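Protein chains in written order, with our numbering: chain G, 250 to 654; chain X, 250 to 654.
Here it is as structure tokens:
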């Protein structure tokens with residue numbers, strides 16, 4: 250088989266994923282963002298703690314800061330009486346020290362006053378005027394959160410490449426970081442093609458249709474940690490396509506959509522082959538066989554099928570993993586649920602199949618009109634992946650549905 | 250038990266969720282957004298199709314538009330020869346009609362020329378100069394996608410309240426909509442409290458700590474379809490808290506965080522009770538027992554615990570569902586995986602427990618330092634919910650981990 254012909258480059262879904270993964274590189278550019286907007290981003294530096302957290306020994310409970318040895322003989326029948334020399338709230342620092350026979354009233358979070366080495370919980374002390382009766386002994390360091398308990402100065406506390414979850418954003422805040430260096434989001438050029446394609450909002454002449462694919466692709470892009478820039482529709486000529494690829498060269502990845510006819514698809518194939526290397530042109534999945542993947546001067550180029558459902562299902566299956574790798578985000582663990590099929594499904598495609606389903610009362614109903622119909626996917630709750638060698642799935646059989654977000 | 254005392258309002262997690270759901274209302278404000286930024290938003294109108302999609306009968310295949318009855322006697326041995334009177338590409342409209350014995354070459358997506366009622370696929374026709382030999386009969390309407398096949402004018406194609414998935418964004422584009430009316434995102438006032446709390450970036454005096462909770466809360470807010478506005482830290486006095494609640498009254502929901510000491514927590518309770526109604530003050534979950542939920546002049550008010558891990562775990566468990574209801578987003582189906590426990594867990598809290606775990610080689614390791622330590626959650630991959638009546642989970646036992654996003 251001639252590897253250079255479009256038909257010789259038809260590969261399995263698993264091979265397609267492997268080829269894409271090989272040619273798509275994580276973004277190295279970084280940028281600073283405010284920690285209030287950092288969730289979901291990926292840390293671009295090892296984060297070394299420049300301070301201890303907490304930065305001082307502090308009270309872990311509301312109570313009285315004491316010298317532990319003052320309490321060793323205290324009991325509920327024979328409480329030990331200590332004189333309260335000061336009372337502080339969180340955010341305040343005691344002006345006095347705790348001497349033998351004395352204590353300072355503290356709230357949770359207060360720095361431990363000088364002289365004290367333990368905190369008696371408020372529950373085990375009874376206050377009377379300026380004194381407190383301690384009813385239980387405390388050991389040294391009791392109810393004290395020592396300096397550096399949470400984070401020690403010099404410790405690598407978050408590692409380069411870690412996605413910033415809410416808790417990790419909290420660690421940045423605890424260290425006093427206002428800004429954080431994260432990897433830049435991949436910049437994706439979305440290039441609709443086709444002489445018949447018009448922008449939503451424009452008036453259609455006969456024979457024209459609105460650009461659907463750019464907007465479904467932009468949605469997938471933003472859901473997978475990347476940023477889309479949509480270009481004007483590109484006419485179906487070799488020169489226009491070449492010119493478009495050149496204008497999009499500053500982007501991290503270029504995604505063409507459209508080319509519903511065989512002729513248009515071949516045009517993009519020829520252009521990509523002329524300017525770079527085509528890795529595959531056709532994947533054994535249904536819908537969406539004619540997906541193309543190439544590289545032009547190091548920039549990955551996707552050619553998505555023209556039919557809206559084919560384009561979108563291939564965006565879920567092939568483009569999203571590419572974007573996540575570039576964005577350095579973990580492989581998406583999809584939300585899946587097990588349900589029973591509401592009706593028999595017969596598959597005879599010989600290709601792996603992306604089958605949209607609607608969920609009603611715990612059953613999965615296939616949603617399928619024509620392959621070009623975006624409404625069929627719009628009404629679906631998720632999809633099944635049917636293996637290539639499948640003949641039939643019986644009504645009532647349990648299947649795993651991957652939910653659309 | 251006195252329902253008016255803080256301790257009388259300690260309720261189960263399930264009751265807390267029910268109470269929150271009862272007092273939190275979906276947002277009614279709407280706004281217009283561009284379809285390129287509409288994914289994840291919730292449609293605020295029924296969408297009635299104002300046009301047919303496609304807007305004309307079109308070729309579903311590359312080939313030749315013919316009069317079907319011209320082909321009825323065609324076969325591979327006795328092909329029927331038709332004269333090509335014109336050739337059009339997608340986006341073009343034929344200037345001629347197809348008469349008996351004639352055809353027009355069309356690409357997929359082309360409007361069907363006048364006179365033609367079927368398309369012969371390019372595979373079943375052989376071209377010779379200005380003629381084409383048709384080798385198979387086609388029935389009328391063959392390979393034609395009729396006007397309105399995908400969407401019929403007048404049809405309600407998307408319903409008010411539907412979240413805009415990528416496919417639904419595609420439907421908007423197919424209808425030519427550039428802008429779409431969606432529900433506004435809930436506006437959340439985040440109010441850190443505590444005299445000891447300082448903004449990240451500021452220099453700390455002894456006894457002071459950085460505001461962690463505002464930033465973990467802002468992360469949870471943005472992950473759940475809402476918008477956060479962070480206020481300056483509020484000092485711990487009744488007057489300041491009252492003033493803060495009043496300043497935040499324009500928001501859809503008010504979230505206080507902090508108040509690590511019993512005294513501070515009681516302050517917020519007293520203020521909320523004075524100005525409105527406290528629904529609960531304390532939930533039987535660990536960590537995070539002291540969570541407060543109230544309403545002041547119809548605005549829901551959360552008082553989150555001061556310890557960062559308690560605050561954040563309660564944000565996942567109680568605040569996120571409230572935000573999603575307000576944002577009209579579906580209940581979040583968490584990403585869950587089944588793994589085995591790497592070690593025995595003993596629980597004796599008598600409260601439902603949120604236990605953070607790290608995943609390594611298919612095993613779940615509990616990650617637990619002190620309840621105030623944000624690093625313990627930062628190092629975790631997800632959490633288990635342990636039931637209140639649990640005594641022990643054995644090493645090797647299968648558990649379901651809910652992953653952090």
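Cβ atoms here follow ideal geometry from the backbone N, Cα and C, with glycine treated the same way. Being a predicted model, the structure only gives us computed values, none of them experimental.
Beta-bridge pairing of residue i - partner residues as DSSP gives them
i                      : result
residue 307 of chain X : X/360, X/394
residue 377 of chain X : X/380
residue 294 of chain G : Looking at the DSSP assignment, residue 294 of chain G forms no beta bridge with any residue, so it has no partner.
residue 441 of chain G : G/506
residue 528 of chain G : None, per the DSSP bridge assignment.
residue 548 of chain X : X/545
residue 422 of chain X : Residue 422 of chain X is not bridged to any residue.
For residue i, three-class secondary structure by DSSP
i                      : result
residue 637 of chain G : coil
residue 453 of chain X : coil
residue 324 of chain G : coil
residue 370 of chain X : strand
residue 427 of chain X : coil
residue 300 of chain G : coil
residue 578 of chain X : coil
residue 629 of chain G : coil
residue 647 of chain X : strand
residue 338 of chain G : coil
residue 256 of chain X : Note on residue 256 of chain X: pLDDT 49, under 50, position unreliable in the model; no value is reported.
residue 495 of chain X : helix
residue 654 of chain X : coil
residue 251 of chain G : Its pLDDT being 36, under 50, residue 251 of chain G is placed unreliably by the model, and the measurement read from it follows with that caveat. Looking at residue 251 of chain G - three-state DSSP - the assignment turns out to be coil, as it is neither helix nor strand.
residue 388 of chain X : coil
residue 354 of chain G : strand
residue 558 of chain G : helix
residue 565 of chain G : helix
residue 486 of chain G : coil
residue 602 of chain X : strand
residue 584 of chain G : coil
residue 432 of chain X : strand
residue 609 of chain X : strand
residue 624 of chain G : helix
Residues near residue i by beta carbon distance below 7 Å, same chain, minus five either side
i                      : result
residue 422 of chain X : 284
residue 434 of chain G : 474, 475, 476, 576
residue 468 of chain G : none
residue 626 of chain G : 558, 561, 605
residue 584 of chain G : 652
residue 426 of chain G : 284
residue 420 of chain G : 406, 407
residue 563 of chain G : 537, 540, 553, 554
Beta-carbon spacing of residue i, residue j below 7 Å
i                      : j                      : result
residue 593 of chain G : residue 649 of chain G : no
residue 371 of chain X : residue 351 of chain X : no
residue 418 of chain X : residue 288 of chain X : yes
residue 548 of chain X : residue 503 of chain X : yes
residue 603 of chain G : residue 632 of chain G : yes
residue 601 of chain X : residue 637 of chain X : yes
residue 448 of chain G : residue 456 of chain G : no
residue 480 of chain X : residue 516 of chain X : no
residue 268 of chain G : residue 528 of chain G : yes
residue 291 of chain X : residue 432 of chain X : yes
residue 262 of chain X : residue 623 of chain X : no
residue 565 of chain X : residue 591 of chain X : no
residue 507 of chain X : residue 465 of chain X : no
residue 616 of chain G : residue 599 of chain G : no
residue 222 of chain X : residue 301 of chain X : This structure cannot settle anything about residue 222 of chain X, because the visible part of chain X is limited to 250 through 654.
residue 237 of chain X : residue 281 of chain X : With chain X covering only 250 through 654, there is no way to say anything about residue 237 of chain X.
residue 438 of chain G : residue 478 of chain G : yes
Contact set for residue i: own chain, Cβ-Cβ below 6 Å, skip 5 residues either direction
i                      : result
residue 635 of chain G : 596, 602, 604
8 Å CB neighbourhood of residue i in its chain, flanking five on each side removed
i                      : result
residue 305 of chain G : 360, 361, 396
| field | At least 3 beta-carbon pairs within less than 8 Å: the stretch 466-479 of chain X vs the stretch 309-319 of chain X | value | Note that the stretch 466-479 of chain X does not touch the stretch 309-319 of chain X; fewer than 3 beta-carbon pairs, one per stretch, sit closer than 8 Å.
| Would the stretch 514-527 of chain X and the stretch 353-372 of chain G be scored as touching if the rule is three or more Cβ pairs under 8 Å? | Because the criterion of three Cβ pairs below 8 Å is not met, the stretch 514-527 of chain X and the stretch 353-372 of chain G do not touch.
| Would the stretch 402-412 of chain G and the stretch 373-387 of chain G be scored as touching if the rule is three or more Cβ pairs under 8 Å? | No, the stretch 402-412 of chain G is not in contact with the stretch 373-387 of chain G.
| query | If we count Cβ pairs, one from each stretch, closer than 8 Å, do we get three or more for the stretch 386-395 of chain G versus the stretch 257-275 of chain G? | reply | Taking 8 Å as the limit for Cβ pairs, the verdict is that the stretch 257-275 of chain G does not touch the stretch 386-395 of chain G.
| field | Cβ contact check for the stretch 534-549 of chain X and the stretch 494-502 of chain X: 3 or more pairs under 8 Å | value | When Cβ pairs closer than 8 Å are counted between the two stretches, the stretch 534-549 of chain X is seen to touch the stretch 494-502 of chain X, the count reaching three or more.
| For the 8 Å Cβ check, are there 3 or more pairs between the stretch 299-318 of chain G and the stretch 345-360 of chain G? | Short answer: they touch.
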